[in-house]
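Here the sequence shown is numbered in our numbering, starting from 588 and rising by one per residue. Cβ coordinates follow ideal geometry from the N, Cα and C atoms, glycine included. Quick notes on the structure that follows.
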Amino acid sequence: MHQVIALDNVIPRMPDSPFTQPINWQINSDEVWGITGRNGSGKSLLSELICGKIAIQSGNIRYHFSDDPDKKGGFRLPSQQIRKIEFNAAYSLLDYRKLFYQQRFNNSENEEIPLVSDLLPLDNLSEENRLIFKTFHLFDLMDRKFIHLSSGELRKFLIAKVLLDNPKMLIFDNPFIGLDEESRKSLNAMFVFLLNRYNIRLLFISPSFDDLPACTTHILEMKHCSVNFRGEKSDFIPESLSMTASLPGINWDDFTPEDRNPESNELVSMTHVDIAYGKRIIQKDVNWTILKDEKWALLGPNGSGKSTLLSYIFADNPQAYAKNIRLFGRKRGTGESIWDIKRRIGFSSSELHLYYRENVSCSAVVASGFFDSIGLYRKCNAQQTLLSEKLMEILQIAHLKERPFLKVSSGEQRLLFFARALIKNPELLILDEPFHGLDRHNKIRCTSIVESFAHQNGKSLIYVTHRKEEIPDCINHFMVLQQYEEISSEE
């Protein structure tokens, strides 16, 4: 055993620094640490500090990635030694500011988008990397456009690409986010493989203790940007969840537009619909009808077509015009605009999160739900502004109101998107894995709000998740997509 990283009385150099106490922490070679804590508690900031992306005002950080602790020159800068894997890492591969969310469904505008094989070359793969590619079925993705990957497939891609650089330490931010059950099991096995086969250190970040990988041996808990606990996993006791009395109550009448006049009992009707990207068939003959007051869970493994199916409903996919699809009683392509459809739907998804790169205020992100826009380009009236602030208070994120969206944590961003989907109290609420990256307290709070929404008369819900334990009690119908294509092994 030897020391890998040591933080001695470290105080970060940040404007209006949220860190209130010096940080002391030591990581040894036989330890696998998990950083946990509530959303906004400083977990990601601590990881950025370790990666050398935040300067130090005082104190010292020492690095030693050599197998021999006495080897001369063992202490080195972290820039080429530590790599962080997070969902937002896709920004570094494509300039998402020049892309738009619907572009992934428009084949005519994708000619210049690279294939997976362009970004993940197969030349001179090591035996270990080939095994990783096979474990995550990455060989089957090589001829796909990068922006056509599902959120789960994107996670696998990012992990494999980082491993090609042979880093000394990997930091996984929310390692299981977006992955189905099989992929989570494979990733847990891969962590053990990396620890046993590679000379590599692993560090995990998760707002929920329960979502840390099984190989985690030690816990560092952050609270209000200071270290609240530091020690062995077996000694850690998660914070109590006795918060029943603080669950929010909402008067949904305040959020219902005065001109709301549902015209049809049938919200969605799909008959013999194929789900496809270009010539690639993902699902065949999908039949699905959603009526007023029905609450659905949409389930299926990564890459089974869930997000594409939702894009037909939310009017983001032009393929819908050529399919037998009716929305709110009208066949697609009979004179309705996409905005006629969107104004009746509240929507949140990981993919939308990826493309929302407008650095507007957090309150503007919530208010953009009134207009179904990415960014806020119309001025809210006094009532809309009041409702946006009220919903942020209910979600306990009112303190973020004036902060730039791109400067808050990923978990806080997810809460803002959840509020954005709810803000107009829609007829149909579509939540595509809405609680990614949320701590347990916020998951309970948001689930309570979903249940409250669902108990209104005339409301319908589509809820997508890879975790069956997160399905709200109000769900009374299930749509399950199986893997249509046969997974082939690399020869």
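Which residues DSSP lists as bridging residue i, in chain order
i, result
"lysine 918", "Arg913"
"methionine 809", "Val814"
"aspartate 1019", "Val1051"
"lysine 882", "Leu1048"
"phenylalanine 791", "Gly621, Phe759"
"methionine 599", "Rather than methionine, the amino acid found at residue 599 in this sequence is proline. Paired residue(s): Ile643."
"phenylalanine 751", "Note that residue 751 is leucine in the sequence shown here, rather than phenylalanine. Beta-bridge pairing links leucine 751 to no other residue."
"proline 888", "Answer is none; proline 888 lacks a bridge partner."
"glutamate 819", "His805"
"tyrosine 650", "Ile592"
"leucine 702", "Lys732"
"serine 948", "Pro991"
Distance, residue j Cα to residue i Cα
i, j, result
"tryptophan 926", "phenylalanine 901", "10 angstroms"
"lysine 721", "serine 773", "11 angstroms"
"cysteine 1061", "tryptophan 883", "9 angstroms"
"aspartate 603", "cysteine 1033", "30 angstroms"
"tyrosine 899", "cysteine 812", "42 angstroms"
"asparagine 911", "asparagine 874", "10 angstroms"
"methionine 979", "lysine 988", "8 angstroms"
"leucine 807", "glycine 818", "7 angstroms"
"cysteine 949", "arginine 717", "42 angstroms"
"valine 1067", "leucine 702", "29 angstroms"
"serine 856", "glutamate 881", "13 angstroms"
"methionine 601", "isoleucine 641", "8 angstroms"
"leucine 1080", "lysine 879", "In the structure as shown, the chain starts at 588 and stops at 1078, and residue 1080 therefore has no counterpart that could be examined."
"leucine 790", "proline 762", "10 angstroms"
"leucine 633", "glutamine 971", "36 angstroms"
"aspartate 841", "leucine 974", "8 angstroms"
"proline 1059", "valine 1037", "8 angstroms"
"serine 936", "glutamate 1020", "6 angstroms"
"leucine 1009", "arginine 771", "30 angstroms"
"isoleucine 885", "phenylalanine 1065", "Rather than isoleucine, the amino acid found at residue 885 in this sequence is leucine. Spanning the two alpha carbons is a distance of roughly 6 angstroms."
"arginine 919", "alanine 907", "7 angstroms"
"isoleucine 592", "leucine 914", "56 angstroms"
"leucine 712", "arginine 867", "27 angstroms"
"tryptophan 839", "asparagine 1012", "7 angstroms"
"serine 695", "tyrosine 864", "Confidence at serine 695 is low in this model, with a pLDDT of 47, below 50, so the placement of that residue is unreliable and no value is reported for it."
"methionine 777", "isoleucine 719", "8 angstroms"
"glutamine 983", "threonine 921", "42 angstroms"
Residue i, DSSP secondary structure in three states
i, result
"isoleucine 734", "helix"
"serine 616", "coil"
"leucine 1068", "coil"
"proline 844", "coil"
"valine 873", "strand"
"glycine 661", "Reliability of the predicted coordinates at glycine 661 is poor, the pLDDT of 46 falling under 50, and the value obtained from them is presented with this limitation in mind. Residue state, collapsed to three classes: coil."
"glycine 868", "It should be noted that the sequence gives isoleucine, not glycine, for residue 868. Strand, per DSSP."
"tyrosine 908", "helix"
"alanine 801", "coil"
"glutamate 1014", "coil"
"isoleucine 592", "strand"
"leucine 709", "coil"
"isoleucine 610", "strand"
"lysine 966", "coil"
"aspartate 727", "helix"
"isoleucine 837", "coil"
Bounding residues of the alpha helix (DSSP H) (the contiguous stretch that carries residue i)
i, result
"aspartate 861", "Premise fails: aspartate 861 lies in the beta strand (DSSP E), 853 to 864, not in any alpha helix (DSSP H)."
"phenylalanine 1040", "1027 to 1041"
"lysine 721", "714 to 722"
"phenylalanine 780", "768 to 784"
"isoleucine 981", "969 to 981"
"serine 997", "997 to 1009"
"serine 960", "No alpha helix (DSSP H) holds serine 960; DSSP gives it neither H nor E."
"cysteine 1061", "It is not in any alpha helix (DSSP H) - cysteine 1061 carries neither H nor E in the DSSP assignment."
Distance cut-off 6 angstroms: residue i Cβ against heavy atoms of the ligand GDP
i, result
"lysine 966", "The ligand GDP is not part of the structure shown, which contains no ligands of any sort."
Boundaries (first-last residue) of the beta strand (DSSP E) holding residue i
i, result
"aspartate 927", "Aspartate 927 -> not in any beta strand (DSSP E); alpha helix (DSSP H) instead, spanning 925 to 929."
"glycine 1024", "Looking at the DSSP string, glycine 1024 is not in any beta strand (DSSP E), and its letter there is neither H nor E."
"glycine 627", "Taken as a continuous stretch (DSSP letters only), glycine 627 belongs to no beta strand (DSSP E), as it is neither H nor E."
"glycine 933", "932 to 935"
"isoleucine 900", "Isoleucine 900 -> not in any beta strand (DSSP E); alpha helix (DSSP H) instead, spanning 893 to 900."
"isoleucine 672", "669 to 672"
Selected residue, minimal CA-CA separation from residue i, among the options
i, options, result
"valine 1051", "Arg1027, Ile1017, Ser1039, Leu1025", "Ile1017"
"histidine 805", "Asn968, Ser616, Ile610", "Ser616"
"isoleucine 614", "Asn1063, Gln906, Asp595", "Asp595"
"serine 955", "Thr921, Leu1003, Ala985", "Leu1003"
"glycine 998", "Ser827, Ile764, Gly739", "Ile764"
"glutamate 768", "Leu736, Asp798, Ser894, Lys994", "Asp798"
"isoleucine 598", "His589, Ser821, Pro609", "Pro609"
"histidine 1042", "Tyr785, Phe958, Ile837", "Ile837"
"phenylalanine 744", "Arg1007, Asp727, Met756, Lys755", "Asp727"
"phenylalanine 1022", "Pro794, Lys977, Ile981", "Pro794"
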